[in-house]
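Student:
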Ligand SMILES: Cc1ncc(COP(=O)(O)O)c(C=O)c1O
């Protein structure tokens, strides 16, 4: 029988909620944390215990909790116009598209709104395939090159681009045409670990796969500037530039998935700003509203957009995709207020400063379990090992114990979970970008 609302939230949850990515067997013995409110970079549970939210929810509450400016903007928009689709137009959508274009290089000036990171990636993949056919008549550019350990979302296309078998195998077969290469992982690199320095062999592997598959069949390369959920792997110096050269040489598009790295997370407004390159398509979500409401975007520019315009008398090549809630006016209004805060407080600078401070402090820790500390801005990972010499990953049970111990100490950290079998050993820190002096004590 269904529980009623007079039961406690915990009872209702255990009886009816199907949680995300969670084994429910014996859940009553270790019930999920019930968070009831948030302020700044902290959240509070039902017993009013407070925690530093060192994961900013899921890498997303960039400006922190409790920003009344965003609440007011959303409420005002909801009162004025609660919904209209972007098959037509509305002010918040138009203003937000222009605002994003203003924050990006001029090559990225066309914004297609969606609700989630997965949808933004799905849209980027579809745009890339259709663009391939429009720009290269007679060729069938349908293949994508992605990286192992990368995460791009839960929908079929985005999941096919994802390079984490544990997130995919229950749902196979996936979408055809996705190929994976090793990620930049200097700690365990098969290309340069024995060399004196990184030789970007992992980037060159992408070119090798493109040549083997046939350039004229490849639509795009997709990559996160810093692999996030898969275990925090920043692109090494020169890596994105090498990807750009390879894509240009083979007529493939470069899709950068900045669902995590966008909006200041890595210490610059955009992850690609750590390089000299521009992507052809950029996917963003999470920090676009700091998760006050769901919103995402697939952003591109004239080169791709113009290919969809056709010309008089030709077949109509428009991008045939509708998203009912994509670009919801209330989400767009929240995003505009969020961007006012993010840019007004230049939070990417705090992300760079606090990230560098944390990185130094973590690297100075003398623990036999810390194999490597890496990251960029406030996106940090500690690769934990049971033996520093062999680099054997810390076993799953130990990781669970550690994350729980941190929680008992009042710090909510993440870890890469269900990514690579046997390698769920990276503890992840990705707090709100407002982390301040108080945490330094
Ligand atoms: C890089 C990246 N792309 C896409 C996604 C999917 O986003 P969403 O969970 O909003 O669908 C995520 C989610 O964490 C992500 O980290």
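In the numbering used here, the protein residues as written are 31 to 471. Glycine included, each C-beta is placed from N, C-alpha and C at the ideal position.
With three or more C-beta pairs closer than 8 Å as the rule, is the region 85 to 105 touching the region 364 to 382?
Tutor: Judged by Cβ distances under 8 Å, the region 364 to 382 makes contact with the region 85 to 105, as three or more pairs qualify.
Student: Indicate whether residue 283 and residue 334 have their beta-carbon atoms separated by less than 9 Å.
Tutor: Contact: yes.
Student: Beta carbon of residue 84: closer than 8 Å to some heavy atom of ligand 3?
Tutor: The model depicted lacks ligand 3 and carries ligand 1 instead.
Student: Report yes if the C-beta of residue 458 is less than 8 Å from at least one heavy atom of ligand 1; otherwise report no.
Tutor: no
Student: Hey, which unbroken runs of the beta strand (DSSP E) at 3 residues or more fall wholly within the region 290 to 324?
Tutor: 311 to 314
Student: Tell me which residue opens and which closes the beta strand (DSSP E) that residue 285 is part of.
Tutor: For residue 285, the enclosing beta strand (DSSP E) stretches over residues 283 to 287.
Student: Compute every distance between the C-beta of residue 147 and the non-hydrogen atoms of ligand 1, then say whether any falls below 8 Å.
Tutor: yes
Student: Heavy atom of ligand 1 less than 8 Å from the Cβ of residue 326, yes or no?
Tutor: yes
Student: I want to check one thing, is the minimum distance from the CB of residue 151 to the heavy atoms of ligand 1 below 8 Å?
Tutor: Between ligand 1 and residue 151, a heavy atom-to-CB distance of less than 8 Å is present.
Student: Looking at the secondary structure, which residues open and close the beta strand (DSSP E) in which residue 174 lies?
Tutor: 173 to 177
Student: How is residue 471 classed by DSSP in three states: helix, strand or coil?
Tutor: Confidence at residue 471 is low in this model, with a pLDDT of 41, below 50, so its placement is unreliable and the value that follows should be read with caution. Looking at residue 471 - three-state DSSP - the assignment turns out to be coil, as it is neither helix nor strand.
Student: Measuring straight from C-alpha to C-alpha, what distance separates residue 471 and residue 388?
Tutor: Because the pLDDT of residue 471 is 41, which lies under 50, any placement of that residue in the model is unreliable, and the question is left without a value.
Student: For the alpha helix (DSSP H) holding residue 372, just list the boundary residues, first then last.
Tutor: 359 to 374
Student: Counting only runs of 3+ residues fully inside the region 182 to 244, write out the beta strand (DSSP E) ranges in chain order.
Tutor: 208 to 211
Student: Could you check where the alpha helix (DSSP H) with residue 433 kicks off and where it finishes?
Tutor: Going by DSSP, residue 433 is part of the alpha helix (DSSP H) stretching over 426 to 438.
Student: Since residue 411 and residue 418 are thought to touch, with beta carbons under 8 Å apart, how far apart are those beta carbons, to the nearest angstrom?
Tutor: 16 Å between Cβ atoms; not a contact.
Student: Taking 8 Å as the cut-off, is the CB of residue 348 close to at least one heavy atom of ligand 1?
Tutor: no
Student: Residue 97 and residue 320 - do their beta-carbons sit closer together than 9 Å?
Tutor: Residue 320 places its beta carbon less than 9 Å from that of residue 97.
Student: Here's a check: name, in chain order, each residue in its chain whose Cβ is nearer than 7 Å to the Cβ of residue 142, leaving out the five neighbours to either side.
Tutor: 153, 327, 328
Student: Measuring CA to CA, which of 285, 287, 215 is closest to residue 402?
Tutor: 215
Student: If you measure between the beta carbons of residue 460 and residue 208, is that distance less than 9 Å?
Tutor: no
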